[in-house]
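Inspection log for the structure reproduced underneath, given as structure tokens.
4 protein chains.
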Amino acid sequence: MNDRHACPTGPVRVGIVGASGYSGEELVRLLMSHPSAELVAVTSRQYAGQTLAQVFPRFASHPRARALRFSEPDTERLAQQVQLVFLALPHGVAVEFAVPLLQRGVRVIDLSADFRLREAAVYAEFYGHQHAAPEWLGRAVYGLPERYRIALPSARLVAVPGCYPTSILIPLLPLLEAGLIRPEGMIANSLSGVSGAGRKAEVDYLFVECNESMRPYGVPKHRHLSEIEQELSLAAQTKVTLQFTPHLIPVNRGILTTLYLTPLAPVTDAASAAACHEAVGACYESAYGREAFVRLLTGKVLPDTKNVVGTNCLELGWRTDPRTGRLLVMSAIDNLVKGASGQAVQCCNLLCGFPETAGLS
Amino acid sequence: MNDRHACPTGPVRVGIVGASGYSGEELVRLLMSHPSAELVAVTSRQYAGQTLAQVFPRFASHPRARALRFSEPDTERLAQQVQLVFLALPHGVAVEFAVPLLQRGVRVIDLSADFRLREAAVYAEFYGHQHAAPEWLGRAVYGLPERYRIALPSARLVAVPGCYPTSILIPLLPLLEAGLIRPEGMIANSLSGVSGAGRKAEVDYLFVECNESMRPYGVPKHRHLSEIEQELSLAAQTKVTLQFTPHLIPVNRGILTTLYLTPLAPVTDAASAAACHEAVGACYESAYGREAFVRLLTGKVLPDTKNVVGTNCLELGWRTDPRTGRLLVMSAIDNLVKGASGQAVQCCNLLCGFPETAGLS
Amino acid sequence: MNDRHACPTGPVRVGIVGASGYSGEELVRLLMSHPSAELVAVTSRQYAGQTLAQVFPRFASHPRARALRFSEPDTERLAQQVQLVFLALPHGVAVEFAVPLLQRGVRVIDLSADFRLREAAVYAEFYGHQHAAPEWLGRAVYGLPERYRIALPSARLVAVPGCYPTSILIPLLPLLEAGLIRPEGMIANSLSGVSGAGRKAEVDYLFVECNESMRPYGVPKHRHLSEIEQELSLAAQTKVTLQFTPHLIPVNRGILTTLYLTPLAPVTDAASAAACHEAVGACYESAYGREAFVRLLTGKVLPDTKNVVGTNCLELGWRTDPRTGRLLVMSAIDNLVKGASGQAVQCCNLLCGFPETAGLS
Amino acid sequence: MNDRHACPTGPVRVGIVGASGYSGEELVRLLMSHPSAELVAVTSRQYAGQTLAQVFPRFASHPRARALRFSEPDTERLAQQVQLVFLALPHGVAVEFAVPLLQRGVRVIDLSADFRLREAAVYAEFYGHQHAAPEWLGRAVYGLPERYRIALPSARLVAVPGCYPTSILIPLLPLLEAGLIRPEGMIANSLSGVSGAGRKAEVDYLFVECNESMRPYGVPKHRHLSEIEQELSLAAQTKVTLQFTPHLIPVNRGILTTLYLTPLAPVTDAASAAACHEAVGACYESAYGREAFVRLLTGKVLPDTKNVVGTNCLELGWRTDPRTGRLLVMSAIDNLVKGASGQAVQCCNLLCGFPETAGLS
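Chains as they are written, first to last, in numbering that gives the first Met the number 0: chain U, 0 to 360; chain X, 0 to 360; chain H, 0 to 360; chain L, 0 to 360.
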């Protein structure tokens, strides 16, 4: 009987498939310092045979980085080495590793988009090809701990949310669920650092092409909309369509999202604006007041990515506008931590019965 | 009879009051190379006695920069030296220089907010104090040449628009006037480089505080809303209220504005989206097809500030979204050129009867 | 009898005077996570009364940051609260706090230049005024643990080296001591990020003035030369004069130093170059092979500040040039960590009998 | 008889081969605004068929950019279209185009390293392969107008210096020629912006890999040494060997070089230091006092790349150090303008009998 799901007594042995990109590198950083997980395998076709220290000089002071070598990705061998695997692979590739690993009883935390959607048709619409293992779509847990904390501990397959979705869903889900905002007409304007594009040798992401540049892209139908709208619709109990515009900004890390929302209770003057502001604050306090990684900004300060970079925190601020009747919500995260690898480790902690903040503070 | 308004035969003698800030420096750059304007006076309390070359080493190769010295600002003396003055001063200070210069027959192009509003009450609401010369509010021409080209040649006092307003008004005015969009519910999400904050020694604008940071500010009632809404209301022939959110981004120059709009003719599917897209393109072509400084992006490219930095151009792109029914319009300018000093020179060209692009191409 | 020097049984209570600058902020970050030091006092005239979380939003998730408030600096009160104080104050101000604290039996780790020099005359020459407490100059230990590890545990007053000195001394000291290089004619060319200038509201350090700029400064007699030459002379057992040129570079953090040296054994061809390279490697291996915070780059990789930013590590690489006969040594550190606050914590660990890497890995 | 060398009556028709890189783009920018050169051909395998406006949106407002299309590079066709060609091609490729163009009577200004060296053996040593047309090596004029102004007007083939060489040679040549410094032991420490690496899709030059990074590279034998030492040796009339260390810095443009030199007349105290400083100043004044593109910084200001970016100027500053006896010289240029395309246009002006500053001010 495969009992790997049980809470382990010793450290959990984990591996990373595709550890040479930015998310993979961040996973390495977090897992090497994790008190209860032991990183025993990292794979990369490109770097097989080299140590972590050779590929990532910044980790060279860590004993494990000098000892651990990249290997060719081999699911059979991985299944013997580890109890849990993080997949930091491109969309469409992750599924090829996830299924054989799952079949061998290895728990999988996938950072790609391959298992985020529940419906194969939506996947095909947004990703342009049929899903390779649609039978697994319904069995993955969406790895947003603030939302799926109950389902995660027993999950075999976790689909870690995208970076933009994390910055949008955490602010929106409680407001929708509490019925504080109208589910129609919501707008998310997002800014992302360049690491969001991955470590890809493309002219568009060269220093000179990005530095001193600000530009929208992927307008109007970015792929991340599919998972965002899926989760928003579940929370709102109605089909939600979102306006979402990402922009590329010359910083290494960070996502700053500004949300334009319509309160259900009309805001028409200073009094109703204050009431709305307070109701939103109460809703967030109730939803996130005890969350380790959501920081509610209740004073005059607004979110700033520099305050969350390198951490698993999301900064959340809000304002009501009596002139327009709108509610503005702003969030900031590190796209590689709360937007990817940190959230994956947070999920791992829940799967393994570790304190949720283990390795993340 | 004061005949200074007449088209001059020789070069027009111009001066800059407050030439030590970023806008002032950019005016110096543009005017030193202007074919028909002669920069004969620059003032600065801080730098009085020094040459332009000493204060701005980057201009030191220009003979005029080595010859021309900053003087103390003195309206009487200026009135003897120049026919036209650019005021690159803080809000509330410009008015103190504008009025005596105007009274002495000098034409004034003011880059501050002091004369942009038509109503003293709106000024007081947004700027927090009474206007010092309300009688002049109605006599200034708003210096947006694409809009006020007919009124500018005879203007004595020009109020050059703010940087954000320029990036918002050029995209919106023709759409409102043509009735292509609803005047309610418009949203402007803007990103600005740090030079927009001026050359002020404040901790918030230190390199380390801005680099690797993205942050909203001035939410929800930025001062620029007053002039934006004034001009939008005139075009829409109804009172318009705008949602506007500026963000600070670590680039030296540039404003990128993303506008969220609702087409009057509903967009519900691919066909209506295409029709809207085409109608907007026709409207822009009609409004700006012959404009030297508005670049309509009709292909797949979206606006990018790096394509306009250092120029007086505004890049303009648009997309319709059949999923949400919205129209998205995006613009990019250099905040110091089309958003300030370049536009001021463009106005100067109109006032003096020069070709509108003189000194700007 | 004051027995505070003894190795404590519980956590050591520490305080920071002047915690609102960049070094102070970095000390806060490190000490809040330190396993054996307890940060119980932070002072700042400017922020007295506010919590750490209010002044540094990035720390707001840390319980201590929400609890601990800045107080007015008061040496008497501090002496009751803490056993050890970090001074993160400007040069000339630190001495005013150090002496009363020392007199009250508090151990002092000073990050300023006030106690780095052994001779009051040198201080006066380089800092332009008489030293306020010359009797303490000889009693401070220079806080470079790789050099003064034996003296530090019993030190009452530690003078933490400057950022440039750290990047220069660690590479040079063992080479001089081993007699591998000539002490004459050495050159240090250094590049620094802007945080090295401190959190000062000066126009020179505004984002727009630093971004897209590279510039030397402080040529040819920077103040840091005094402590560098003092330590080099001690190691070389002869008076050493160094050529040192700092440059300001648009990054937040980091110092990259390139040293131009002359090997004592002439390098004239490939063979002597290889022998020199090997001898230097052996010297460094002997000096630093067991150091936790010095990373010897023995392969093809050269130092890169991005590999040390956020860490207490110094990257060290070297090359011999058979064409010129020179030895080139390159080092990279984070100016705020190994160049200031991390090194201060490393010293604190030695003073308190903690593992030297406590709170730094 | 081929009379193309004669000074033309109308505008000179010019072309650019390889116009899609950063140097090519900068040539396009300069030549489109040139008063006497007419850009009639641009070639690029990758972009053949597209207009300049499509490939470089920033030029889209220029009528020529909308009209001129990239063509496949075809030397026969080019020879019919143009009188002069700029080659902005990789090393080793330029020679393949230069020779057939020269044979057809087209004058060639080559921005690559293919014709900078006089000796084929040195080329082979530094570039790792035999030169494809060694017979042309002796016939090219090195395109440093401040040095070869007399030879350039009649040149058929110009080898434009590299960016680092320009920043090093202009400061050093007059000092060597005047015998003010010793030709032995010179050191050049250079910092370069990322555009110096070209528009190449390589991971090393991605935004995230360069931003917040400072690193030396190419140590100790960079290819540019070959041309630098050739020209230094000619000026010194003895074989010169230089120590040269380039560093990569996160700016788009600019080279900052700091030179460490030994004055021939010993500097040992304040008086000899002042005398040396004055002699160097007189030497530079004599060499460059009438140069349009060399700016001598005689006051307290030191070179800063932000003061030359976008211009063809070189900023030059110097200091003597009585403590070390050395002379320090610092220079700043825009690597794409004075370090490449601007200098190429300056050469073109000399070849064609235009004012040397035409199109460059």
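All residues carry an ideal CB built from backbone N, CA and C; glycine is no exception.
Task: Residues of the region 283-307 of chain L whose Cβ lies closer than 8 Å to any Cβ of chain X, in chain order - done: 291, 292, 294, 296, 298, 300, 303, 305, 306 and 307
Task: alpha helix (DSSP H) runs wholly inside the region 140-171 of chain H, at least 4 long, in chain order - done: 144-147
Task: Three CB pairs or more closer than 8 Å across the region 171-190 of chain U and the region 250-266 of chain U - done: yes
Open item on the list: Tell me which residues share the same chain as residue 310 (chain H) and place their Cβ nearer than 7 Å to its Cβ, disregarding the 5 neighbours each side in the sequence.
Closed with: In the third sequence, counting from the first residue as 1, residue 310 (chain H) sits at position 311. Here the set comprises 333 and 336.
TODO: Pick helix, strand or coil for residue 110 (chain H), following the three-state DSSP scheme.
DONE: To locate residue 110 (chain H), count along the third sequence from 1; it is residue 111. Here residue 110 (chain H) sits in coil by DSSP.
TODO: Could you please tell me which residues of the region 249-268 of chain X, in chain order, have their CB closer than 7 Å to any CB of chain U?
DONE: 249, 250, 251, 253, 255, 257 and 259
- [ ] Name, please, each residue of chain H whose Cβ falls closer than 8 Å to the Cβ of residue 69 (chain X).
- [x] To locate residue 69 (chain X), count along the second sequence from 1; it is residue 70. The premise fails here: residue 69 (chain X) is roughly 16 Å from chain H at the closest Cβ pair, so nothing lies under 8 Å.
- [ ] Tell me whether residue 289 (chain H) is buried or exposed, calling it buried when 16 or more other Cβ atoms sit within 10 Å of its Cβ.
- [x] The residue given as residue 289 (chain H) occupies position 290 in the third sequence. Looking at its Cβ environment, which holds fewer than 16 other Cβ atoms inside 10 Å, residue 289 (chain H) is exposed.
Task: Residue range of the beta strand (DSSP E) that includes residue 327 (chain L) - done: Residue mapping note: residue 327 (chain L) aligns to position 328 of the fourth sequence, counting from 1. Element bounds for residue 327 (chain L): 325-332.
Open item on the list: Give me the residue from U:157, U:136, U:66 and U:307 with the minimum Cα distance to residue 142 (chain U).
Closed with: For the purposes of this step, residue 142 (chain U) is taken as residue 143 along the first sequence, with counting starting at 1. Closest by alpha carbon: U:157.
- [ ] Specify whether the region 290-299 of chain L and the region 210-221 of chain H touch according to this definition: at least 3 beta carbon pairs, one from each stretch, less than 8 Å apart.
- [x] no
- [ ] State yes or no: is the beta carbon of residue 220 (chain L) nearer than 9 Å to at least one beta carbon in chain H?
- [x] Taking the fourth sequence and counting its residues from 1, one reaches residue 220 (chain L) at position 221. Chain H, which has a Cβ nearer than 9 Å to the Cβ of residue 220 (chain L), makes this yes.
Task: With 16 other Cβ atoms within 10 Å as the buried cut-off, status of residue 237 (chain H) - done: By one-based count along the third sequence, residue 237 (chain H) stands at place 238. Exposed, by the Cβ-count rule.
Open item on the list: So with CB distances below 8 Å, who are the chain L contacts of residue 147 (chain U)?
Closed with: By 1-based counting over the first sequence, the position of residue 147 (chain U) is 148. Here the premise fails: no neighbours, minimum Cβ distance about 30 Å.
TODO: Please compile the residues from chain U whose C-beta is within a distance smaller than 9 Å of the C-beta of residue 216 (chain X).
DONE: For the purposes of this step, residue 216 (chain X) is taken as the residue at position 217 of the second sequence. Those are 301, listed as they occur along chain U.
Open item on the list: Quick check: what's the CA-CA separation for residue 276 (chain H) versus residue 62 (chain U)?
Closed with: Taking the first residue of the third sequence as 1, we reach residue 276 (chain H) at position 277. Taking the first residue of the first sequence as 1, we reach residue 62 (chain U) at position 63. Between residue 276 (chain H) and residue 62 (chain U), the C-alpha separation is close to 26 Å.
Task: Cβ neighbour criterion (16 or more within 10 Å) applied to residue 5 (chain H) - done: As a position in the third sequence, residue 5 (chain H) is number 6, starting the count at 1. Note that residue 5 (chain H) scores a pLDDT of 46, beneath 50, so its modelled location is shaky; the value from the coordinates is reported in the next line. So residue 5 (chain H) ends up on the exposed side.
Open item on the list: Restricting to runs no shorter than 4 residues, where is the alpha helix (DSSP H) found entirely within the region 179-251 of chain U?
Closed with: Entirely contained in the region 179-251 of chain U, the alpha helix (DSSP H) runs reaching 4 residues are, in chain order, 206-209 and 224-235.
Task: Under 9 Å between C-beta atoms of residue 151 (chain U) and residue 234 (chain U) - done: Within the first sequence, numbered from 1, the residue matching residue 151 (chain U) stands at position 152. Within the first sequence, numbered from 1, the residue matching residue 234 (chain U) stands at position 235. Going by C-beta atoms, residue 151 (chain U) is not nearer than 9 Å to residue 234 (chain U).
- [ ] Anything in chain L within Cβ reach of residue 57 (chain H), meaning under 9 Å, just list it in chain order.
- [x] Taking the third sequence and counting its residues from 1, the one referred to as residue 57 (chain H) is at position 58. Neighbours of residue 57 (chain H) on chain L: none; closest Cβ ~17 Å, over 9 Å.
Task: Neighbourhood of residue 251 (chain U) by C-beta, 6 Å cutoff - its chain only, sequence neighbours within 5 removed - done: The residue you call residue 251 (chain U) lines up with position 252 of the first sequence. Correct list, in chain order: 192 and 194.
- [ ] Verify the CB distance criterion: does residue 201 (chain U) have a CB-CB separation below 9 Å to chain L?
- [x] Reading the first sequence from its first residue, position 202 is the one you call residue 201 (chain U). Yes, its Cβ sits closer than 9 Å to a Cβ of chain L.
Task: Beta-carbon contacts of residue 90 (chain H) that lie in its chain and below 7 Å, excluding the five residues immediately before and after - done: As a working mapping, residue 90 (chain H) is identified with position 91 in the third sequence. Around residue 90 (chain H): 111, 112, 113 and 126.
TODO: Run down chain U in chain order and give the residues with a C-beta less than 7 Å from the C-beta of residue 242 (chain X).
DONE: Stepping through the second sequence from its first residue, residue 242 (chain X) is reached at position 243. Within chain U, the residues near residue 242 (chain X) are 259, 320, 323 and 325.
Task: 6 Å CB neighbourhood of residue 304 (chain L) in its chain, flanking five on each side removed - done: In the fourth sequence, counting from the first residue as 1, residue 304 (chain L) sits at position 305. So the list reads 253, 255 and 331, once near-sequence residues are dropped.
TODO: Spell out the partners DSSP gives residue 36 (chain X) in its beta bridges.
DONE: As a position in the second sequence, residue 36 (chain X) is number 37, starting the count at 1. The partner list for residue 36 (chain X) (beta bridge, DSSP) reads X:11.
Task: CB contact below 9 Å: residue 310 (chain U) versus chain H - done: Here residue 310 (chain U) refers to the residue found at position 311 when the first sequence is read from its first residue. Yes, residue 310 (chain U) lies at the interface with chain H (some Cβ there is under 9 Å from its Cβ).
Open item on the list: Am I right that residue 241 (chain H) and residue 178 (chain H) are in contact with their C-beta atoms under 8 Å? What's the rounded C-beta distance?
Closed with: Taking the first residue of the third sequence as position 1, residue 241 (chain H) is located at position 242. Taking the first residue of the third sequence as position 1, residue 178 (chain H) is located at position 179. In this structure, residue 241 (chain H) and residue 178 (chain H) do not form a Cβ contact; the two beta carbons are roughly 18 Å apart against a cut-off of 8 Å.
Task: Beta-carbon proximity check, residue 41 (chain L) vs residue 67 (chain L), cutoff 9 Å - done: Taking the first residue of the fourth sequence as position 1, residue 41 (chain L) is located at position 42. Taking the first residue of the fourth sequence as position 1, residue 67 (chain L) is located at position 68. Yes; because the gap between Cβ atoms is below 9 Å, this pair is in contact.
Open item on the list: Quick check on residue 202 (chain H): buried or exposed, where buried means 16 or more other Cβ atoms within 10 Å of its Cβ?
Closed with: Here residue 202 (chain H) is taken as the residue at index 203 of the third sequence, counted from 1. Classification for residue 202 (chain H): exposed.
TODO: Using the DSSP secondary-structure output, state which residues sit across from residue 317 (chain L) in a beta bridge.
DONE: Residue numbering aside, residue 317 (chain L) sits at position 318 when the fourth sequence is read from its first letter. The partner list for residue 317 (chain L) (beta bridge, DSSP) reads L:328.
Open item on the list: So residue 52 (chain H) and residue 64 (chain H) are supposed to be a Cβ contact under 8 Å. How far apart are they, rounded?
Closed with: Here residue 52 (chain H) is taken as the residue at index 53 of the third sequence, counted from 1. Here residue 64 (chain H) is taken as the residue at index 65 of the third sequence, counted from 1. Right, their Cβ atoms sit about 4 Å apart.
- [ ] Tell me whether residue 0 (chain X) sits in a helix, a strand or coil according to DSSP, three-state version.
- [x] Here the question's residue 0 (chain X) lines up with position 1 in the second sequence. Any reading at residue 0 (chain X) is ruled out, since the residue's pLDDT is 34, under 50, leaving its predicted position unreliable.
Task: Cutoff 7 Å; reference residue 20 (chain H); Cβ partners in own chain excluding five residues on either side - done: On the third sequence, residue 20 (chain H) is found 21 positions in, with the first residue counted as 1. Once the five neighbours on either side are set aside, the close Cβ partners of residue 20 (chain H) are 87, 197 and 198.
Task: Limits of the alpha helix (DSSP H) - the one that residue 96 (chain L) falls within - done: As a working note, residue 96 (chain L) is residue 97 in the fourth sequence. Its alpha helix (DSSP H) spans residues 93-102.
TODO: Please name the residue, chosen from X:162, X:107 and X:147, that lies closest to residue 173 (chain X) on a Cα-to-Cα basis.
DONE: One-based indexing of the second sequence puts residue 173 (chain X) at position 174. Per the Cα distances, X:147.
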